Ligand SMILES: C[S@@+](CC[C@H](N)C(=O)[O-])C[C@H]1O[C@@H](n2cnc3c(N)ncnc32)[C@H](O)[C@@H]1O
């Protein structure tokens, strides 16, 4: 099954991994340009919102080149980064970021049930084959009372802003990406926002996975978002609540 001309299922998994392996060397530079230099500020804001501190063990899912892990460690917390693209992890290493790096898939995380205080995830939700499966897996590893912070792109709802954003995101970003990195990858990137469910649907997925106290903060007039939540109690044996 296809979503427009976007791949789904196993084809998506393979193509996304190959794409990030390809663009890894220029990823950081392009990321800063595309977010107008705001991406690290948004990650910092996300960590502030869920009060990440020295006592926390944090898994950064889809860690890429390590921006979230770097900020987590700067707070004295312990960070492990998981990503399925080997070249993105290599790039993190070549930046001198020493946090433990695990090459793995978000749908099968190599951590015990309720073993983690915090999960963060930056700009990756639309890349997963099954967002629902990944959120369930995150819910499995986060302890009750643990927190999550997910940062991702969004599109402004207000007409004129949406049009201006679309000019930037759908035209300028692929053009600049094509010049400085990989043309097909940076064409795919704006299109891939079609994978991202609307806010109400993400909320339903998060609460279905077992997260409470859900909040969504809109950034830069609706062009990005931070989703936060707290892990509810584990499912009692034979019970229905998650
Ligand atoms: C847009 S990059 C974001 C990287 C980083 N989190 C950041 O904030 O810059 C998306 C990352 O998600 C990773 N990714 C996509 N699908 C994944 C999956 N199923 N499991 C693990 N990593 C995945 C990609 O390899 C890539 O590094």
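Numbering (our numbering), first residue to last: 1455 to 1696.
We put the CB at the ideal spot given by N, CA and C, even for glycine.
All values derive from a computational prediction rather than experimental measurement.
Query                                                                                                                    : Result
Residue 1561 Cβ short of 7 Å to ligand 1 heavy atom set                                                                  : yes
Option in 1460, 1585 and 1502 with minimal Cα separation from residue 1572                                               : 1502
Own chain partners of residue 1591 with C-beta closer than 8 Å, once the 5 adjacent residues on each side are dropped    : 1560, 1561, 1562 and 1563
Length-filtered (4 minimum) alpha helix (DSSP H) runs lying within the segment 1626 to 1675                              : 1627 to 1634, 1637 to 1645 and 1653 to 1663
CA nearest to the CA of residue 1510, picked from 1652, 1597, 1488 and 1618                                              : 1597
Residue 1496 versus residue 1652 - alpha carbon distance                                                                 : 20 Å
Ligand 1 heavy atom lying under 7 Å from the CB of residue 1518                                                          : yes
Continuous alpha helix (DSSP H) stretch holding residue 1498: start and end                                              : 1493 to 1503
Three-state secondary structure (DSSP) of residue 1598                                                                   : strand
Residue 1571: CB within 7 Å of a non-hydrogen atom of ligand 1                                                           : no
Spatially closest choice to residue 1635 from 1470, 1459 and 1482, by CA coordinates                                     : 1482
Run of the alpha helix (DSSP H) containing residue 1515, from where it starts to where it stops                          : It is not in any alpha helix (DSSP H) - residue 1515 instead sits in the beta strand (DSSP E) that spans 1511 to 1515.
Close-in-space but distant-in-sequence residues of the same chain around residue 1659 (CB under 8 Å, 5 per side omitted) : 1585, 1586, 1589 and 1651
Exposure label - residue 1626; buried when at least 16 CB within 10 Å                                                    : exposed
Residue range of the beta strand (DSSP E) that includes residue 1533                                                     : 1532 to 1537
Residues sharing a beta bridge with residue 1555, DSSP                                                                   : 1535
Three-state class that DSSP yields for residue 1529 in the structure shown                                               : coil
Environment of residue 1570 [buried if 16+ CB atoms lie within 10 Å]                                                     : buried
Under the three-state DSSP convention, the category residue 1468 falls into                                              : helix
Cβ distance (whole Å) where residue 1535 is taken to contact residue 1508 below 8 Å                                      : Actually they do not touch by this definition, with Cβ atoms about 18 Å apart.
Alpha helix (DSSP H) runs contained entirely in the segment 1558 to 1627, provided each spans 4 or more residues         : 1585 to 1595 and 1613 to 1620
For residue 1608 and residue 1624, the rounded distance between their alpha carbons                                      : 13 Å
Own chain, CB closer than 6 Å to residue 1567, minus 5 neighbours either side, in chain order                            : 1594
Same chain, Cβ closer than 7 Å to residue 1520, five either side skipped, listed in chain order                          : 1535, 1546, 1549, 1551 and 1553
Nearest candidate by alpha-carbon position, reference residue 1640, set 1574, 1629 and 1661                              : 1629
Residues near residue 1558 by beta carbon distance below 7 Å, same chain, minus five either side                         : 1536, 1538 and 1564
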